[in-house]
Amino acid sequence: MSEVLLTLSPYIKVALPVPMRTLFDYKVPKAITLRHELKPGMRVKVPFGKSSRLGVIVALSDHSEWDPEQIKPLTSLHDKSPVISAELMALCEWAARYYHHPIGDVIFHALPILLRKGENAEFRTENWWFTTEKGQAISLEQLSRAPRQQDFLKAVQQHPNGLSQHAASVLDLAPSAAKILEEKGLLRKEPRSFNKGGERHAHVTQIPPTLNMEQMRATEHILDYRHQFHVALLDGVTGSGKTEVFLRVMARLIEEGKQILVMVPEIGLTPQTLKRFENRFNTDIVLMHSNMSDRERLDAWLLAASGHAKIIIGTRSAAFIPAPNLGLIVIDEEHDTSYKQHEGFRYHARDLAIKRAQALNIPVLLASATPSYESLTNALQKRFAWLKLRQRAGNAQIPKMERVDLRGKSLVHGFSEQALVNMKQCLERKEQVLVFLNRRGYAPTLMCHQCGWIAACDHCDVNLTVHKRANKLHCHHCDTQKALIHTCPECQSEELFTVGEGTEQIETQLSTLFKEVPILRIDRDSTQRKSAMAKLTQKIHEHDQAILIGTQMLAKGHHFPNVTLVIIMDADAGLFSSDFRGMERTAQLITQVAGRAGRAKKPGHVLLQTYHPDHAAIECLCNLGYEHFAIDGLAERKSLSLPPFYHQVIVRAESGNEQEAMQLLSAMRNDLEPFFAKEVYLVGPYTAIIVRKAGQHRALISIKAAQRGPLHQATQMMTEWLEQSTKQHRIRFAIDVDPLETY
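Residue numbers for the sequence shown follow the UniProt record's numbering, so the first one is 1 and each next one is one higher.
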């Protein structure tokens with residue numbers, strides 16, 4: 001259809017952010033047709049029910065299946081050009097089909113929050129600061145009593161071409177300090193359009209280290225395929241220099257004018273990734289993650305969409321970021337479950353990125369020391385290139401893993417005698433210890449000694465976690481919080497005690513055992529504030545001697561060269577999980593945490609505290625390594641017809657009524673199962689392990705098939721049935737394609 005015909009199309013199909021799997025038809029008034037050229041990807045204001053909503057044009061049409069008298073005209077056009085490109089629109093349409101999710105919700109998920117609210121897709125004006133002659137000449141020592149002013153002036157002095165408002169925010173500098181420095185005549189302010197690209201730093205780029213043979217082969221392989229769709233799994237042991245491989249590939253593509261999308265699983269990894277890239281590339285770099293303000297996210301989105309930003313570093317949602325010259329997608333720690341969205345639009349960013357790369361005919365690089373079973377299967381079946389790095393970069397050696405048998409042993413604050421002796425020796429050598437426990441808070445349970453009462457959540461079938469420092473009881477499932485109590489509500493006894501340990505308690509206990517040693521806790525509670533993770537990481541690098549305590553946040557990609565001892569407090573967690581993925585996740589976590597030890601010249605040592613030292617999985621992991629463990633695990637999965645050899649969809653239903661969700665799924669199975677293909681297998685309905693969550697009773701049904709076609713046909717039938725059946729009921733349902741949680 002020609003552009004002229006598109007412009008004169010009397011109807012548009014609009015996606016709205018509503019829980020309905022359909023597009024909505026609207027008329028285009030002649031006044032708008034004559035003045036504007038409508039295109040897919042533009043935002044429009046349309047009437048919807050008794051109000052009006054912002055929507056996105058998906059298609060233009062010269063006819064509609066609805067009666068023309070029933071079709072309402074659009075209210076106004078919001079954009080001069082599309083905010084969603086044709087490439088991203090196609091990706092959203094594919095994702096809506098594949099994940100059986102409402103198209104409007106998918107498209108709006110791909111937009112920054114401010115664009116969803118109607119903000120113009122234009123660069124803002126921001127302030128830039130420059131030193132005056134007086135500000136350049138002044139000694140920073142004169143501001144020693146005003147550290148915030150001192151920090152701000154120092155930063156501006158280091159940026160002779162000016163410091164932008166965006167850069168000041170990234171550096172966590174106080175705006176109030178700038179105002180005082182202006183009043184003192186030390187700084188001057190100048191408004192500029194925020195359209196000059198990311199922050200370029202006036203520094204000499206770092207000289208790249210020499211690659212070993214494995215790194216060289218991997219780099220050459222990826223560069224050979226840089227102008228076509230190609231998926232490479234860079235499977236390297238921890239500390240093997242995986243990042244250096246993709247830095248070399250990125251350098252070549254940036255020279256060719258391409259943009260690079262680098263995805264990381266956690267916000268905590270973005271500052272160190274940014275720092276490493278800034279040290280190597282004098283080019284425009286932007287970040288995209290949930291700890292940024294809405295305005296910062298829109299700025300980053302615009303810089304990427306304009307082509308200014310050559311490197312985009314982002315978490316899960318960055319899979320949708322516009323990049324007109326995209327030449328490579330890197331997915332670091334590709335095995336990480338954070339890439340899967342577990343609420344609402346339940347997509348997997350890794351799989352979405354691969355689909356996007358295929359459409360753009362560009363390569364994808366998946367990097368991990370513990371690849372997911374899905375990626376390993378693709379590598380074994382030759383769908384992905386399997387690039388192995390089995391030696392650590394430089395002279396670093398793989399750490400020695402030792403099992404500590406806890407059976408019959410008395411523990412001191414959860415530590416074996418062997419662990420405490422090793423910690424003391426390590427600290428005496430002016431080295432660092434990393435203690436891993438994947439439970440935040442002070443303790444997972446508060447109990448009454450007299451009557452056995454346990455502090456439970458009012459809305460979920462779980463116990464409340466004790467957070468002593470914050471003086472609260474907290475449900476980590478629905479976010480309910482209560483003040484910490486000291487008297488039993490059942491028997492009024494004051495003999496309340498905690499059961500189990502969390503990172504906060506370990507921090508308190510180690511502070512009494514090692515009074516002179518800096519103790520740094522890294523978990524979701526200690527890193528909530530903006531830049532908190534970057535500050536903690538800086539402290540780790542400042543101290544020779546330190547104890548680091550953390551959850552899985554510490555396991556992902558961090559480089560702490562002075563950590564030589566890692567203690568995994570509860571290596572048995574996950575060994576007997578009801579989830580068939582429990583063993584895979586346990587092995588990944590243990591391997592990743594162990595990999596933090598001995599990453600530089602000093603040898604590393606890992607202690608796994610376990611009550612099951614002879615367990616086959618623990619033995620295999622310690623003696624043979626992750627690859628051998630994973631290949632054994634895949635053989636077991638295949639024999640049991642489990643993913644990744646069978647494809648799976650979970651349908652979840654939840655209701656405030658205890659029986660409704662189960663009854664709904666039972667009725668659906670009875671009505672539809674006779675129409676499913678023979679190769680589609682159903683299990684359930686069954687209750688979730690945590691039956692009640694946030695006041696809702698949850699039931700599930702699992703379907704699986706060896707081929708995706710019959711599975712998606714069955715899922716489509718269930719989706720349509722559920723949409724019709726839940727119209728008159730307060731029952732919510734969700735479709736989870738390729739789920740990572742099956743309970």
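Cβ atoms here follow ideal geometry from the backbone N, Cα and C, with glycine treated the same way.
For Glu584 and Gly595, the gap between their C-alpha atoms comes out near 16 angstroms. Remark: fewer than three beta-carbon pairs, one from each stretch, lie closer than 8 angstroms, so the segment 228-240 and the segment 509-524 are not flagged as touching. In the displayed model, Gln481 falls within a strand according to three-state DSSP.
Straight-line spacing of the CA atoms in Asn127 and Glu182 works out to 12 angstroms. Around the beta carbon of Leu140, a 10 Å sphere encloses fewer than 16 other beta carbons of the protein chains shown; the residue is thus reported as exposed.
According to the DSSP secondary-structure assignment, Lys693 is paired through a beta bridge with Gln696.
A residue is called buried when at least 16 other Cβ atoms come within 10 angstroms of its Cβ; Cys451 does not meet this threshold and is exposed.
Arg297 sits in a helix when the DSSP states are folded into three classes. Within the same chain, Ala396, Gln397, Pro399, Thr564 and Gly604 come within 7 angstroms of Gly598 by CB-CB distance, once the 5 residues on both sides are set aside.
Here DSSP, grouped into helix, strand and coil, assigns Lys117 to coil.
DSSP places Phe345 outside both helix and strand once states are collapsed to three, so it counts as coil.
The segment 472-482 and the segment 683-694 touch, with no fewer than 3 CB-CB distances between them shorter than 8 angstroms. Ala705 is positioned such that its CB atom lies closer than 8 angstroms to that of Tyr681. At least 8 angstroms separates the beta-carbon of Leu575 from that of Ala546.
Taken in chain order, the complete beta strand (DSSP E) segments of 3 residues or longer contained in the segment 224-303 are 230-236, 259-263 and 285-288.
DSSP places Arg392 outside both helix and strand once states are collapsed to three, so it counts as coil. Membership of Tyr373 in any beta strand (DSSP E) is not indicated; the residue belongs instead to the alpha helix (DSSP H) covering Tyr373 to Leu380.
Glu516 has its alpha-carbon roughly 53 angstroms from the corresponding atom of Tyr99. When the beta-carbon positions are compared, Lys602 and Glu431 come within less than 8 angstroms of each other.
Between Leu298 and Leu115, the CB-CB gap stays under 8 angstroms. Ranked by how close their Cα comes to the Cα of Gly49, the residues Leu16, Lys30 and Tyr347 have Leu16 in first place. The beta carbons of Ala455 and Gly502 sit no closer together than 8 angstroms. Within the segment 519-604, the complete beta strand (DSSP E) segments of 3 residues or longer fall at 519-522, 546-550 and 563-568, listed in chain order. Between Met292 and Ala318, the CB-CB gap reaches or exceeds 8 angstroms. If the five residues before and after Gln149 are omitted, its C-beta is found closer than 7 angstroms to the C-beta atoms of Leu143, Ala177, Ile180 and Leu181, all from its own chain and listed in chain order. Counting along the chain, the unbroken alpha helix (DSSP H) around Val156 starts and ends at Pro147 to Gln157.
By the C-beta criterion, the segment 322-337 is judged to be in contact with the segment 243-262, since at least 3 inter-stretch pairs fall below 8 angstroms. Nearest to Gln592 by C-alpha distance, out of Phe580, Glu619, Lys468 and Ala555, is Ala555. One alpha carbon belongs to Ile735, the other to Phe130, and they sit about 53 angstroms apart.
Here Gln707 is exposed: its Cβ has fewer than 16 other Cβ atoms, across all protein chains shown, within 10 Å. In the DSSP assignment, Lys638 falls within the unbroken alpha helix (DSSP H) covering Tyr626 to Ser639.
Here Leu253 has Arg226, Ile260, Gly327 and Leu328 as same chain residues with Cβ atoms under 7 angstroms from its own Cβ, once five neighbours each way along the sequence are excluded. Contact check for Leu54 against Gly118 passes: the beta carbons are separated by less than 8 angstroms. Met447: member of the beta strand (DSSP E) spanning Thr445 to Cys448, first to last residue. Straight through space, the alpha carbons of His166 and Thr125 are spaced by roughly 11 angstroms. Under the Cβ criterion (8 angstroms, minimum of three pairs), the segment 642-649 counts as touching the segment 370-378.
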